[in-house]
Every structure is written in structure tokens, then in C-alpha cells.
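Per the numbering used here: the sequence shown = residues 280 to 481.
Here a beta-carbon is modelled for each residue, glycine too, at the ideal position from N, C-alpha and C.
Bear in mind the structure is a predicted one, so any value in this text is a computation, not a measurement.
Inspection log for the structure reproduced underneath, given as C-alpha cells.
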Amino acid sequence: MSTFNPNLESILGVMEHKGYKVYTNESGFDLNIVGIRTKRLIPNRFDDYLTVFYRMHGEWIFNMFNCTTDPGSYWLNNPEQMSSLGTAILKEGNYPKAYRLGRHRGKYVALVQNSPLPVVRDPNRDNFLDLDSGREEIGLFGINIHRASAHHESLEVNRWSAGCQVLCDPNQYAFFIKLCRQGQKAFGNSFTYTLLNEKDFD
280 MSTFNPNLES ILGVMEHKGY KVYTNESGFD LNIVGIRTKR LIPNRFDDYL
330 TVFYRMHGEW IFNMFNCTTD PGSYWLNNPE QMSSLGTAIL KEGNYPKAYR
380 LGRHRGKYVA LVQNSPLPVV RDPNRDNFLD LDSGREEIGL FGINIHRASA
430 HHESLEVNRW SAGCQVLCDP NQYAFFIKLC RQGQKAFGNS FTYTLLNEKD
480 FD
């Protein structure tokens, strides 16, 4: 079993190594939103991390939430319902101003895709995440950052993610959106998202 447990220091080190910008305005809520895809490529698990950190009055404020950065089993097994090219898996990278506060599928407040993003297409319906399929596409696919159930912590991804970044706990999600609203108030409705991989920390 993996003992991977990322912390602020290790994330900052990876960000610096990759040359990704870290937002450091001391006034607060200059948000760094960083997802981390773990090595455990087991579908249908909320086994990834979403972190949010920012500077305030000379100190770092760091939050980490459980999530998935991968599509659930339903969409891996039924890719044609979304695209004939295969199920979307967000490619790891740094995406400045790629998100804004909006509504996920018109229903509830979420971070919604605001500019084209690259995805890997997994077409083979084997219920396994094929990150190296060789099929890549860039576009507006609705790769949002949202929650699973509004009523309880979800244990399996299932239909909750067809490529989106999805938090499993509605209470954690409510706090995440609260941070985003503070960030919007301070710096405008534009958010950078970075997706790392556990392998980056080796």
C-alpha cells in the first residue's frame, strides 16, 4: 500500500523544479490549486488529492482534500456516451487561468473549464486507466472541478467523473468553494489549475 502523503514543502519543490508559477501575494486568497494524481491507477477510487494553498500575513495556509483526477468505471467502460475517441483523462500540467467560478452542468457552483485543456483519450473499455494511449486532444470538454454527492461522502467514483476533478466529501467541497469565492473577490474570477503526479515527488 502506498504511503504517499504530499505536504506543502514537497509540492512547492515540485512546482519550482517544473518551473510552474506559485502565487505568493501576502494579502491572502491568491490561490494555488494543485491536484495530485497518485500512482494507484485503480479506477473508481477517490485516491487522489486536491490541494489549495496561499500566503497570508507572512504564512502559508495549506488545505488538502480527497478527490479523483480520473474518470470513473462507468465512463471507462462506456466511452462512446461522451466521445467516439474515448473517455477523457486530463493530462498533467500547469494551466493558467483555465478555470472560473460557474455552474457544473448548470446545477451548482463549481470551478468550470474556461479555456482549452489537453486530455488523453482512453478508448479500449478495459476498466483500466490508459494514460499512455497516444490519443491526445485539446479543447473545451467541460473538465470541471466539482463534487460527487451533495448529501454524503462518496466512496466510489462511478458516474461522478467523466474526466472532471471530483471531490468526494460535500463538506470539504463547500469549504473549497468558499476559498474560491474569497479568491474571486480578491483577484477576480480566474483560477490556475496544476495537475501533478505522485511520480513527480520521487
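- Taking the Cα positions, ILE422 is about 8 Å away from LEU369.
- Taking a cut-off of 8 Å for Cβ pairs, the segment 333–344 and the segment 431–439 do not touch, as fewer than three such pairs fall below it.
- The residues PHE308, in chain order, have a CB closer than 7 Å to that of GLN461 in the same chain once the five nearest residues on each side in sequence are set aside.
- Contiguous alpha helix (DSSP H) elements confined to the segment 331–358 occur at 352–356, taking only those with 4 or more residues.
- Shown here, TYR452 sits in a helix according to DSSP, grouped into three states.
- Straight across, the Cα-Cα distance linking ILE290 with LYS297 is about 11 Å.
- The beta-carbon separation of LEU390 and ILE424, rounded to 4 Å, stays under the 8 Å limit for a contact.
- Looking at the DSSP output, ASN373 shares a beta bridge with THR473.
- The C-alpha of ASN345 lies about 11 Å from the C-alpha of ASN284.
- Cβ contact annotation for SER394 (same chain, cutoff 7 Å, sequence separation greater than five): LYS376 and ALA377, in chain order.
- Considering only GLY314, TYR302 and GLU305, the residue with the shortest C-alpha distance to ASN286 is GLY314.
- Our two residues, GLU415 and ALA367, have alpha carbons roughly 9 Å apart in a direct line.
- Excluding the 5 residues flanking it on each side, ARG426 has same chain C-beta neighbours closer than 7 Å at VAL445, LEU446, PRO449 and TYR452, in chain order.
- Excluding residues up to 5 positions away in sequence, GLY307 lie with their Cβ nearer than 6 Å to the Cβ of MET335 in the same chain.
- Of the candidates VAL399, THR317, ARG324 and THR282, ARG324 places its Cα closest to the Cα of GLU432.
- By the criterion of a C-beta distance shorter than 6 Å, PRO350 is surrounded in its chain by THR366, SER440, ALA441 and GLY442, once the five residues flanking it on both sides are discounted.
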